[in-house]
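Just so we're aligned, residue 1 is where the sequence shown starts under full-length UniProt numbering, counting upward by one. Just below is one structure, and these are the notes that go with it.
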Amino acid sequence: MGALLDQKYERLFSLLDANGDGVIAEDDFELMAGRVVAAFGEESSAKGATYADEMLNYWRALREAADADGDGRIDKDEFRQALSQVSDHFDTLVGPLYEAGFQLADRDGDGLVGKEDFIAVFVAIGVPAPEAGAAFDRLTGQDRQDGQLTKGRLMAAAAQFYRSEDPGDTASHLLYGAL
């Protein structure tokens, strides 16, 4: 794994460690899912339940790939190892979580997400609002839809976040803010 992927994985680990205890575990994923769903007032909706389910599916995929000692906790080294395996299966293991997040943020179901809703998701997962806004601008700057983000553009950027070593691809490697 190259230095850029290592930095991105470190950033993602810090966000997934929602309770800040230095490891990621199921409760981190439950906490983060709750924050995101609450940000949209979808705690009792099918969209909210889908997002929470996909967050736990992501946790299970990571745990299966990384939790070698079976303690239900993943440290940074285990995470780096697992993420490269999980990212090889992005479309089936990680992609559904991003799709569910997009559906939450696409409040009117038109297939587009505005900046305010994009920022709300990313702030709920721990990205500072200015960095989330800058990420939105990078993403929509390449694919103008009247200041709206398409699901295809988000999915492509998310997949590249997990895989790309290209330092010029700032729309994907800065998806979760500064590295």
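Note that CB positions come from ideal geometry on N, CA and C, so glycine has one too.
Exercise for the section: Assign H173 to buried or exposed, taking buried as 16 or more other Cβ atoms, counted over all protein chains shown, within 10 Å of its Cβ. Expected result: Buried, since its Cβ has 16 or more Cβ neighbours within 10 Å.
Problem - Residues that Q148 bridges to, as DSSP identifies them - result: By DSSP's assignment, Q148 forms a beta bridge with G114.
Exercise for the section: Inspect the CB distances between the stretch 149–165 and the stretch 55–68 and report whether three or more fall short of 8 Å. Expected result: Not touching, per the Cβ criterion.
Handout entry: Straight-line gap, M32 to G126 (C-alpha atoms, nearest Å)
Key = Taking the CA atoms as reference points, M32 sits about 9 Å from G126.
Problem - Cut-off 6 Å between Cβ atoms - residues of its own chain near I119, not counting five sequence neighbours on either side - result: Within the same chain, I119 has close Cβ partners A129, A132, G133.
Handout entry: Cβ separation of L83 and Y9, assumed to be a contact under 8 Å, to the nearest whole Å
Key = About 5 Å separates the beta carbon of L83 from that of Y9, a gap short enough to meet the 8 Å contact definition.
Exercise for the section: Specify, as a first and last residue, the run of the alpha helix (DSSP H) that R35 falls within. Expected result: 26–39 is the extent of the alpha helix (DSSP H) around R35.
Problem - First through last residue of the alpha helix (DSSP H) which encompasses E165 - result: For E165, no alpha helix (DSSP H) run applies, since DSSP gives it neither H nor E.
Handout entry: Proximal residues to L175 (C-beta, below 6 Å), its chain only, five neighbours per side dropped
Key = Excluding its 5 nearest sequence neighbours in each direction, L175 has C-beta neighbours in its own chain below 6 Å: A135, A157, F161, listed in chain order.
Handout entry: Per DSSP, the bridge partner or partners of R73
Key = Looking at the DSSP output, R73 sits in a beta bridge with A25.
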